[in-house]
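Data first, discussion second: the structure below is written as structure tokens.
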Amino acid sequence: MSACRKAYVLRKGRCSEVGRIYSITCVTADRAAVFSCLQTARALIAQLRALHDAGDVESLAWVVMPDHLHWLFQLRKGDLATIVCRMKARSSLAINRRNGACGRLWQKGYYDRALRREEDLRSAARYIIMNPVRAGLVQKVGDYPLWDAIWL
Numbered sequence: 001m002s003a004c005r006k007a008y009v010l011r012k013g014r015c016s017e018v019g020r021i022y023s024i025t026c027v028t029a030d031r032a033a034v035f036s037c038l039q040t041a042r043a044l045i046a047q048l049r050a051l052h053d054a055g056d057v058e059s060l061a062w063v064v065m066p067d068h069l070h071w072l073f074q075l076r077k078g079d080l081a082t083i084v085c086r087m088k089a090r091s092s093l094a095i096n097r098r099n100g101a102c103g104r105l106w107q108k109g110y111y112d113r114a115l116r117r118e119e120d121l122r123s124a125a126r127y128i129i130m131n132p133v134r135a136g137l138v139q140k141v142g143d144y145p146l147w148d149a150i151w152l
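In terms of full-length UniProt numbering, the sequence shown opens at residue 1 and continues consecutively.
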């Protein structure tokens, strides 16, 4: 079984639908504060944008925290497990190359939540991008450099 399929098995009973909006959270291995380095965080952001530009997802909002990622997107093609696996694999490769490192960047699996059609997407995005404020990293979200939302 491929690594991408193993990630899906961790969430038995979940299915993935093209067109559905998902909120996912991925955590770094051992909760290492890998993304405290701005350039390392930007390497991850480049991979999020590459998936968006390729038409795999429509990114709605994201925030890169020191040891994890929150990402709200609409799945455009493929399946959720493959998209998350691709993001993790490509970001790991890019970041390890950049840092002259090797090894696992991400914890296995991820947390996902499919949003219902009637849910307020702006509220979900606002919750995601307010993470640095709730974590005490900044006083206001505008002071944190590692987030974006389509409603700007």
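Heads up, the beta-carbon is just placed ideally off N, CA and C, and yes, glycines get one too. Because the structure is a prediction, the values reported are computed rather than measured.
Measuring only the C-alpha atoms, how far is residue i from residue j?
i: Ile129; j: Thr25; result: 13 Å
i: Ala81; j: Leu105; result: 17 Å
i: Asn96; j: Cys102; result: 5 Å
i: Ser16; j: Asp79; result: 6 Å
i: Thr28; j: Tyr127; result: 21 Å
i: Val57; j: Asp143; result: 27 Å
i: Phe73; j: Asp67; result: 20 Å
i: Glu119; j: Ala32; result: 33 Å
i: Met87; j: Arg98; result: 16 Å
Within the continuous alpha helix (DSSP H) that includes residue i, where are the two ends?
i: Thr25; result: Here Thr25 belongs to no alpha helix (DSSP H); instead the beta strand (DSSP E) covers Ile21 to Val27.
i: Tyr127; result: Leu121 to Ile129
i: Val34; result: From DSSP, Val34 is part of no alpha helix (DSSP H); its letter is neither H nor E.
Tell me which same chain residues have a C-beta within less than 7 Å of the C-beta of residue i, skipping the five on either side of it?
i: Trp151; result: Arg122 and Ala125
i: Val18; result: Leu75, Arg76 and Lys77
i: Ile83; result: Leu51, Asp56, Val57 and Leu75
Residues in its own chain within less than 8 Å of residue i by CB, not counting five upstream and five downstream?
i: Ala50; result: Arg90
i: Gly55; result: Arg76 and Lys77
i: Val133; result: Gln139, Lys140, Val141 and Tyr144
If we count the other Cβ atoms within 10 Å of its Cβ and call it buried at 16 or more, is residue i buried or exposed?
i: Gln47; result: buried
i: Tyr111; result: exposed
i: Ala135; result: exposed
i: Ser36; result: exposed
i: Leu38; result: exposed
Tell me which residues share the same chain as residue i and place their Cβ nearer than 6 Å to its Cβ, disregarding the 5 neighbours each side in the sequence.
i: Ala114; result: Arg20 and Tyr22
i: Leu146; result: Ala41 and Val64
In terms of residues, what are the limits of the beta strand (DSSP E) holding residue i?
i: Leu60; result: Val57 to Met65
i: Leu75; result: His68 to Leu75
i: Ala149; result: Trp147 to Ala149
Report the partner residues of residue i according to the DSSP bridge assignment.
i: Trp106; result: Thr28
i: Tyr111; result: Thr25
i: Ala50; result: BP columns for Ala50 are empty, so no partner.
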